[in-house]
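**Student:**
The following block contains the structure:
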């Protein structure tokens, strides 16, 4: 079976899924990174846990590891610029200049986001080009608004 038609149809199917836009942020030593991610999902309530999938070529892959913390920043409408700067490798040095950022327990987070889910990485699963990070929630900051930035078919929705 030729995998190219499957890949093409898979991409088309994924373009039909509306996703909440998040930015995953992490720090290890003096290196901090942030990356736009739509491949983020809740895993369990007991304990509260999340899944984050990251390509091995992404810069943030270098600062995430088992035992380290990271933050899932759930972007709100109006934060498209944050999503954009965090999704282009050539803008890597500008990522923490767009929007308002702070640090909590050595983890960078975006203070303008509707929610910040702080996680402790408890496990990783390598699968081909990506690593799945399993993070147990250690703290949540909610702004008590529900206007997430959404992404579908290659476009941000407002």
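Residue numbers (our numbering): 4 to 161.
All C-beta atoms, glycine included, are put in the ideal place defined by N, C-alpha and C.
Note that the coordinates shown come from a computational prediction; the quantities given were computed from them, not determined experimentally.
Identify whether residue 130 lies in helix, strand or coil by the three-state DSSP scheme.
**Tutor:** Taking the chain shown and counting its residues from 1, one reaches residue 130 at position 127. In this structure, residue 130 counts as strand in the three-state DSSP scheme.
**Student:** Which ranges would you report for the beta strand (DSSP E) in the stretch 22-101 if only whole runs of at least 3 residues count?
**Tutor:** For the stretch 22-101, whole beta strand (DSSP E) runs of length 3 or above, ordered along the chain, are 25-31, 34-40, 43-48, 51-58, 72-77.
**Student:** In the DSSP assignment, find the unbroken beta strand (DSSP E) run with residue 152 in it and report its ends.
**Tutor:** In the chain shown, counting from the first residue as 1, residue 152 sits at position 149. From DSSP, residue 152 is part of no beta strand (DSSP E); its letter is neither H nor E.
**Student:** Please report the straight-line C-alpha distance between residue 86 and residue 74, rounded to a whole angstrom.
**Tutor:** To locate residue 86, count along the chain shown from 1; it is residue 83. To locate residue 74, count along the chain shown from 1; it is residue 71. Approximately 15 Å, taken between the alpha carbons.
**Student:** Cα separation between residue 20 and residue 156?
**Tutor:** Along the chain shown, read from residue 1 onward, the residue named residue 20 stands at position 17. Along the chain shown, read from residue 1 onward, the residue named residue 156 stands at position 153. One C-alpha to the other measures close to 8 Å.
**Student:** From the DSSP output, in three-state form, read off residue 11 for me.
**Tutor:** Translated into positions along the chain shown, residue 11 becomes position 8. It is helical.
**Student:** So residue 57 packs on residue 130, CB below 8 Å; how close in whole Å?
**Tutor:** Taking the first residue of the chain shown as position 1, residue 57 is located at position 54. Taking the first residue of the chain shown as position 1, residue 130 is located at position 127. Not a contact, Cβ separation roughly 11 Å.
**Student:** For residue 4, does the count of other Cβ atoms within 10 angstroms reach 16, so buried, or fall short, so exposed?
**Tutor:** Residue numbering aside, residue 4 sits at position 1 when the chain shown is read from its first letter. Because residue 4 carries a pLDDT of 47, less than 50, the predicted location of this residue cannot be relied on, and no value is offered for it.
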